[in-house]
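What follows is a single structure, written as structure tokens, with notes after it.
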Amino acid sequence: MFLILALLAIGTTFSVASETTNNSDLALARSTVIEEGKQLFLKGCSSCHGLNAEGGAIAPSLIGVGAASVDFQVATGRMPMADMSTQAMRKEPVYTPDEVAALAAYVASLAPGPEIPGDELLNYERDGSIAEGGELFRNNCAMCHNFAGQGGALTQGKYAPTVMGVEPVHIYEAMITGPQSMPVFSDKTLTPEEKLSIIKWIKSAEAEPALGGASLGRVGPVTEGLLVWTLGIGMLIGVAVWLAMKAR
Numbered sequence: 577m578f579l580i581l582a583l584l585a586i587g588t589t590f591s592v593a594s595e596t597t598n599n600s601d602l603a604l605a606r607s608t609v610i611e612e613g614k615q616l617f618l619k620g621c622s623s624c625h626g627l628n629a630e631g632g633a634i635a636p637s638l639i640g641v642g643a644a645s646v647d648f649q650v651a652t653g654r655m656p657m658a659d660m661s662t663q664a665m666r667k668e669p670v671y672t673p674d675e676v677a678a679l680a681a682y683v684a685s686l687a688p689g690p691e692i693p694g695d696e697l698l699n700y701e702r703d704g705s706i707a708e709g710g711e712l713f714r715n716n717c718a719m720c721h722n723f724a725g726q727g728g729a730l731t732q733g734k735y736a737p738t739v740m741g742v743e744p745v746h747i748y749e750a751m752i753t754g755p756q757s758m759p760v761f762s763d764k765t766l767t768p769e770e771k772l773s774i775i776k777w778i779k780s781a782e783a784e785p786a787l788g789g790a791s792l793g794r795v796g797p798v799t800e801g802l803l804v805w806t807l808g809i810g811m812l813i814g815v816a817v818w819l820a821m822k823a824r
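In structure tokens:
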């Protein structure tokens with residue numbers, strides 16, 4: 577009996593010690609990533625956002641924006657901005673994926689905020705509905721990004737970019753963080769499942785073949801009719817000029 581109790585005590589002690597060691601290792605690894613992110617922030621971001629991410633005259637505070645906002649802005653190349661006078665545009669990212677993760681971890685450590693959605697949450701093929709996503713997109717997104725998701729003009733010289741060719745994680749992050757002129761779609765406004773349905777519709781529209789060759793913005797007969805009308809009028813004018821010259 578004594579031997580059994582001793583074995584149980586040793587096993588429990590070993591289990592607790594092992595779990596404590598694992599937690600310590602995870603905490604150490606996380607603190608290392610956060611410190612790396614802090615150094616990257618001080619070097620590449622603090623001149624605009626402040627030494628403590630408190631913001632300033634030319635850039636907002638990053639306290640409380642969360643890891644999702646950092647991942648969206650930096651992983652898509654919108655940050656750092658080359659020209660503060662223009663809208664942040666999607667371009668080749670400056671930082672590697674590991675550096676982006678470190679920056680996101682550092683900013684997330686400053687205050688709670690939206691987290692980067694994991695792969696399990698982003699399973700839009702399983703949890704999304706194309707029909708529902710199309711309706712939700714038309715009701716909530718089309719007024720800026722147009723009904724085909726190709727983007728459109730906004731006020732004050734700004735524009736809503738195309739949503740085609742965008743990674744699902746970045747579409748989700750944009751909805752929960754509201755970058756630039758975009759509103760934030762909280763889980764009360766659009767549930768996670770509804771967000772996945774929107775992503776599934778976008779990916780479905782993105783995969784549609786352009787049967788006529790050039791997609792012409794995928795806005796249907798509007799651009800197609802305009803193209804035919806322009807070419808037709810041009811040809812008629814050309815024929816009229818040719819006939820007039822021939823009559824002389």
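Residue numbers (our numbering): 577 to 824.
Beta carbons are placed, not taken as given, at the ideal position from N, Cα and C, and that holds for glycine.
Once you ignore the five residues that flank residue i on each side, which residues in its own chain have a CB closer than 7 angstroms to its CB?
| i | result |
| --- | --- |
| Gly727 | His721, Tyr735, Ala736, Pro737 and Thr738 |
| Val650 | Pro669, Tyr671, Val676 and Leu679 |
| Ile634 | Cys624 and Met660 |
| Asp703 | Glu769 and Leu772 |
| Lys619 | none |
| Val646 | Leu679, Ala680 and Val683 |
With distance defined between alpha-carbon atoms, name the residue in the options nearest to residue i.
| i | options | result |
| --- | --- | --- |
| Val745 | Leu730, Lys771 and Thr765 | Lys771 |
| Gln756 | Glu696, Ala781, Lys776 and Met657 | Met657 |
| Ala724 | Thr806, Ala783, Gly733 and Asp695 | Ala783 |
| Arg714 | Gly808, Ala781 and Ile692 | Ala781 |
| Ala644 | Gly626, Thr608, Pro688 and Met665 | Pro688 |
| Cys624 | Phe648, Asp659 and Asn716 | Asp659 |
| Phe761 | Ala816, Thr652 and Asn716 | Asn716 |
| Lys776 | Ile813, Ile610 and Tyr700 | Tyr700 |
Since residue i sits in a beta bridge, which residues does DSSP pair it with?
| i | result |
| --- | --- |
| Ala736 | Gly728 |
Quick check: what's the CA-CA separation for residue i versus residue j?
| i | j | result |
| --- | --- | --- |
| Lys614 | Glu743 | 26 angstroms |
| Pro673 | Val641 | 19 angstroms |
| Gln663 | Ala718 | 20 angstroms |
| Ser685 | Pro768 | 24 angstroms |
| Ser622 | Val804 | 53 angstroms |
| Ala605 | Thr731 | 45 angstroms |
Take residue i and list the residues in its own chain whose beta-carbon comes closer than 6 angstroms to its own, dropping the five residues that flank it on each side.
| i | result |
| --- | --- |
| Ser705 | Ser773 |
| Leu638 | His625, Ala629 and Val683 |
Below 8 angstroms CB to CB, which residues in the same chain sit around residue i once its five sequence neighbours on both sides are set aside?
| i | result |
| --- | --- |
| Ile778 | Gly709, Phe713, Gly725, Val739, Met740, Val742 and Ile747 |
| Ala593 | Unreliable positioning characterises Ala593 in this predicted model, as indicated by a pLDDT of 48, which lies under 50. The coordinate reading is nonetheless provided below. Cβ within range, chain order: n/a, list empty. |
| Arg654 | Phe648, Ala664, Met665, Arg666, Lys667 and Pro755 |
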